[in-house]
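Going by numbering that gives the first Met the number 0, 66 is the number at position 67 of the sequence shown; the sequence numbering is gapless. Where is the CB? At the ideal position from N, CA and C, for every residue including glycine. It should be emphasised that the depicted structure is a prediction, and the values quoted were computed from it without experimental measurement.
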Amino acid sequence: MGIVLSQSIRNTLILILGFTIGGINTILLYTKFLSDEYYGLIIFLLSTSVLLLPLLVFGMQHSVVKYFSSYKTKQDQDSLLTWSLIIPLLVIIPLGIFGGLAYETIAKFLSVKNELIKDYTYLIFFTAIFMGYFEVFYSWAKVQMNSVFGSFIKEIFVRIGVTVLLFCVYFKWLNPEEFIYGVVSLYFARMLVMLVYALSIYRPTLTFTKPKNFVEILRYSMYLILAGSAGSILLEIDKFMIPQVEELANLAFYGVAVFIASTVAIPNRAMQQITNPITAKDLNENELRKVKTLYKQSSINLLVVGGLLFLLINLNINDIYKIIGEGQYAIAISVVLIISCSELYKLALGTNGAILTNSKYYRMFFYFSLGMAGTVIVLNHFLIRLLGINGAAWATLMTVVVFSTIKVLYLKRKLKMQPFAKETIYIIAVITAIFGIFYFVDFPFISIVNIGLKSAVVILLYVIIVYKLRISKDVNELINQVIKK
Numbered sequence: 000m001g002i003v004l005s006q007s008i009r010n011t012l013i014l015i016l017g018f019t020i021g022g023i024n025t026i027l028l029y030t031k032f033l034s035d036e037y038y039g040l041i042i043f044l045l046s047t048s049v050l051l052l053p054l055l056v057f058g059m060q061h062s063v064v065k066y067f068s069s070y071k072t073k074q075d076q077d078s079l080l081t082w083s084l085i086i087p088l089l090v091i092i093p094l095g096i097f098g099g100l101a102y103e104t105i106a107k108f109l110s111v112k113n114e115l116i117k118d119y120t121y122l123i124f125f126t127a128i129f130m131g132y133f134e135v136f137y138s139w140a141k142v143q144m145n146s147v148f149g150s151f152i153k154e155i156f157v158r159i160g161v162t163v164l165l166f167c168v169y170f171k172w173l174n175p176e177e178f179i180y181g182v183v184s185l186y187f188a189r190m191l192v193m194l195v196y197a198l199s200i201y202r203p204t205l206t207f208t209k210p211k212n213f214v215e216i217l218r219y220s221m222y223l224i225l226a227g228s229a230g231s232i233l234l235e236i237d238k239f240m241i242p243q244v245e246e247l248a249n250l251a252f253y254g255v256a257v258f259i260a261s262t263v264a265i266p267n268r269a270m271q272q273i274t275n276p277i278t279a280k281d282l283n284e285n286e287l288r289k290v291k292t293l294y295k296q297s298s299i300n301l302l303v304v305g306g307l308l309f310l311l312i313n314l315n316i317n318d319i320y321k322i323i324g325e326g327q328y329a330i331a332i333s334v335v336l337i338i339s340c341s342e343l344y345k346l347a348l349g350t351n352g353a354i355l356t357n358s359k360y361y362r363m364f365f366y367f368s369l370g371m372a373g374t375v376i377v378l379n380h381f382l383i384r385l386l387g388i389n390g391a392a393w394a395t396l397m398t399v400v401v402f403s404t405i406k407v408l409y410l411k412r413k414l415k416m417q418p419f420a421k422e423t424i425y426i427i428a429v430i431t432a433i434f435g436i437f438y439f440v441d442f443p444f445i446s447i448v449n450i451g452l453k454s455a456v457v458i459l460l461y462v463i464i465v466y467k468l469r470i471s472k473d474v475n476e477l478i479n480q481v482i483k484k
């Protein structure tokens, strides 16, 4: 776990910094400097771009990770990287022509409930292209076992830029319309920065010679397009569907709550950047013992770190919303708990997704993802109308629990491995106990002081218990290193 733990820690620190900046933007700046309607609009545009992203890049970011380590010559590796640039263009160009011809129809469809969306619909396509090619160039860096800089650019670059743009709106140097275009420009700049960095660590010789297993790569990419689209649907379809039923302002309230809850996913996002290429390499070399070990270790480590974040968020949520200071935003408090529970359950799966997508059973990942996408769409359709934005949160939790459990059982049956151990029960018991004890404890001071006091007590108690119970070997070693220093 050396390189995994090292880069995961650095990626986690970057993600924490990114989420801190994002939190300032989301909780303090967006809610103060931009109207609820325009905030809802930017969430809708970015979420819809994410939905479109897998199709536009044809899943090539995943193909690079899976197949690069299987090639032994630079010529084969360069051929793969070259075609990772060409293949997306074969989708982007015809889709762009079709979108241009049918633009009015598409724009009207998306803006039935909220007219503001219509004038900005075309930005979805361009933003998706910028996001997609960023992921392709990021995958070039990942396969060189260098994920930290890409993580920095992905998590911090745009957020710092958004902070600057929001202050420009506040000082009336930009109007809300110009702010929207500024955000899209940030994604374009981020893509260019990642391209330059990827080339600095490995410069392929561009070649139009097809990789030896070109048909297999296309087949894999096709499955991953659909699986990636389905995965994006699970994450973003709620933000796409809410404006079709509710006002854009409600999407702003929901978006803030989801952002707060998604803090729980920081460890998973950090670890994935390095565990995915390592898992792909081990599977290519048939090192199933290493895959199994990483599967279990990642599950426990993610639960330990994610569990602490889960507690810090949900035990301080009332004070967090007092800091936001907008009464309407507080209607989404329950969304935070529901979504953070779904994120915590996903952490327990460890490298499950990486194993599925990089093994010979990758087709099943497509079928699972397709089932998840269909289920969450149906549940959102009914639950949003029944429960409003809380219904969207419940749809996500129910879908995650059911299909994540199915994926664990499938890998146990096919590869004789699963992520859980007795330590899993211990950490869940610790999280539940501390949550039950502190949920109803409130300090009588101002919100920022209350958050600081409760967080300090919870962190101290949690770390001591986890350390004494020896739940995670890696976490205990890290604590020992800190104590020695």
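Judged by DSSP secondary structure, D441 falls outside any alpha helix (DSSP H); it is assigned neither H nor E.
Per the C-alpha coordinates, the member of S471, L301, T30 positioned closest to A329 is T30. The shortest C-alpha to C-alpha distance from I273 to any of T423, A428, K65, F258 is the one to K65. Of all C-beta pairs linking the segment 247 to 254 to the segment 27 to 41, three or more are shorter than 8 angstroms, placing the two stretches in contact. If you look at W139, you'll find it in the alpha helix (DSSP H) that goes 121 to 141. Annotation: the continuous alpha helix (DSSP H) that includes L250 extends over 247 to 260.
Its chain contains K238, L250, G254 as the residues whose beta carbon lies nearer than 6 angstroms to that of I42, once the 5 sequence neighbours on both sides are disregarded; these appear in chain order. Within the model, the alpha-carbon separation for I224 versus I216 is close to 12 angstroms. The C-beta separation of K295 from A420 comes to about 6 angstroms, placing the pair in contact by the 8 angstroms criterion. N475 has its alpha-carbon roughly 24 angstroms from the corresponding atom of T278. When C-alpha distances from E286 are compared across I463, K71, L414, I312, the shortest belongs to L414. Each of L311, L348, F170 was checked against the Cα of F434, and the nearest Cα belongs to L311. Considering only F439, L293, K411, the residue with the shortest C-alpha distance to N317 is F439. I299 is a Cβ neighbour of I470, given a cutoff of 8 angstroms. Burial state of W393 is buried, judged by a 10 Å Cβ sphere holding 16 or more other Cβ atoms.
The beta carbon of V375 sits closer than 7 angstroms to those of I232, L233, I236, A394, T395, T398, all from its chain and outside the five residues before and after it, given in chain order. Within the segment 372 to 457, the runs of alpha helix (DSSP H) at least 4 residues long that lie entirely inside it are, in chain order, 388 to 414, 421 to 437.
In this chain, the alpha helix (DSSP H) harbouring L301 covers 287 to 314.
Cβ contact annotation for F32 (same chain, cutoff 6 angstroms, sequence separation greater than five): L165, V168, Y169, in chain order. The continuous stretches of alpha helix (DSSP H) do not include Y29, and DSSP gives it neither H nor E.
Sequence-distant partners of S297 (beyond 5 residues in either direction) whose C-beta falls short of 7 angstroms from its own C-beta, in its chain, are M270, T274, G349, T350. Boundaries for L33: no alpha helix (DSSP H) harbours it, and the DSSP string shows neither H nor E there.
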